[in-house]
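The structure appears right after this line, and notes come after that.
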Amino acid sequence: MIDQFIDHFCKLIKIIMVIFLAIMVVLVFGNVVLRYGFNSGLAVSDELSRWLFVWITFMGAVVAMKEGTHLGTDTLISRLSVRGQKICFVIANLLMLFCCGLLAKGAWQIVAMNIATKSPVMEISEGFFYGCGIFTACAGAAVLVLKMWRLARGELKDSELIGVRESEEDTLDLPTAQR
Numbered sequence: 184m185i186d187q188f189i190d191h192f193c194k195l196i197k198i199i200m201v202i203f204l205a206i207m208v209v210l211v212f213g214n215v216v217l218r219y220g221f222n223s224g225l226a227v228s229d230e231l232s233r234w235l236f237v238w239i240t241f242m243g244a245v246v247a248m249k250e251g252t253h254l255g256t257d258t259l260i261s262r263l264s265v266r267g268q269k270i271c272f273v274i275a276n277l278l279m280l281f282c283c284g285l286l287a288k289g290a291w292q293i294v295a296m297n298i299a300t301k302s303p304v305m306e307i308s309e310g311f312f313y314g315c316g317i318f319t320a321c322a323g324a325a326v327l328v329l330k331m332w333r334l335a336r337g338e339l340k341d342s343e344l345i346g347v348r349e350s351e352e353d354t355l356d357l358p359t360a361q362r
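Per the working numbering, residue 184 is the first one in the sequence shown, and the count goes up by one each step.
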């Protein structure tokens, strides 16, 4: 049940990312046309595009963590026994949970400092901009806890113990269900 929730949540994130990217394309292209064609422009275009880009990046990190598509090297891990891989998996996930905690704490502090500050053009609280750190920390922590829960219950496949891909081409070989 929790697996399905996380899967649906990541699908929702992907849809939001596509919408944000489409908005960015329209804003930037429209701004270029207005500037070069009509010697005017949209003031909101640059600022909103920057905000959306940052949110896309942070949301994409959560999806990549869930799907195991972050690039890395598995030279040592792939040579270990399954038991050794499980131990390294738990250690790595605990370290990443610690990092999620640091990210959440830091993002919370920066949101608190900037919640009253308005963005120059959109006049929206800067807290929303920095809130992507809190979102990523919480969602990433949920993904990590789920992976460790699946390992504890014996539901995690041995192939999922190595949480990185050697190259971008490796992600193309993933079954559709894992994407």
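For glycine and all other residues, C-beta sits at the position ideal for the given N, C-alpha and C.
Computed from a predicted model, the values in this text were never measured in an experiment.
Using the Cα positions of S232 and A325, report the straight-line distance between them to the nearest angstrom.
A straight line joining the alpha-carbon of S232 with that of A325 spans about 28 Å.
With DSSP as the reference, identify every bridge partner of K301, one or two as the case may be.
Residue pairing by DSSP places K301 opposite S308 in a beta bridge.
What is the rounded straight-line gap between the Cα of M296 and the Cα of S342?
Their backbone Cα atoms lie some 43 Å apart in a straight line.
Within 8 Å, do at least three Cβ pairs link the stretch 286 to 295 to the stretch 326 to 345?
The stretch 326 to 345 is not in contact with the stretch 286 to 295.
Taking a contact to mean a Cβ-Cβ separation below 8 Å, would you say S364 touches I345 in this structure?
Not covered by the structure: residue 364. The range shown for the chain is 184 to 362.
Alpha carbon to alpha carbon, what distance is there between V227 and A205?
Near 15 Å, if we compare the C-alpha coordinates of V227 and A205.
What's the gap between the Cα of D257 and the Cα of L263?
If I take the Cα positions, the gap works out to 10 Å.
Can you list, in chain order, the residues of its chain whose CB lies under 7 Å from that of N276, leaving out five sequence neighbours each side?
Excluding positions up to five away in sequence, the list reads L327, K330 and M331.
Three-pair Cβ contact test at 8 Å for the stretch 266 to 274 versus the stretch 301 to 320
Contact between the stretch 266 to 274 and the stretch 301 to 320 is absent, because fewer than three Cβ pairs lie under 8 Å.
Any contact between the stretch 235 to 242 and the stretch 296 to 306? By contact I mean 3 or more CB pairs, one from each, below 8 Å.
At 8 Å Cβ cutoff, the stretches do not touch.
Identity of the residue in K197, E230 and Y219 nearest M305 by Cα:
Nearest Cα to M305 within the set K197, E230 and Y219: E230.
DSSP on L231, reduced to helix/strand/coil?
Looking at L231 - three-state DSSP - the assignment turns out to be helix.
According to DSSP, is M207 helix, strand or coil?
Here M207 carries a helix assignment [DSSP, helix/strand/coil].
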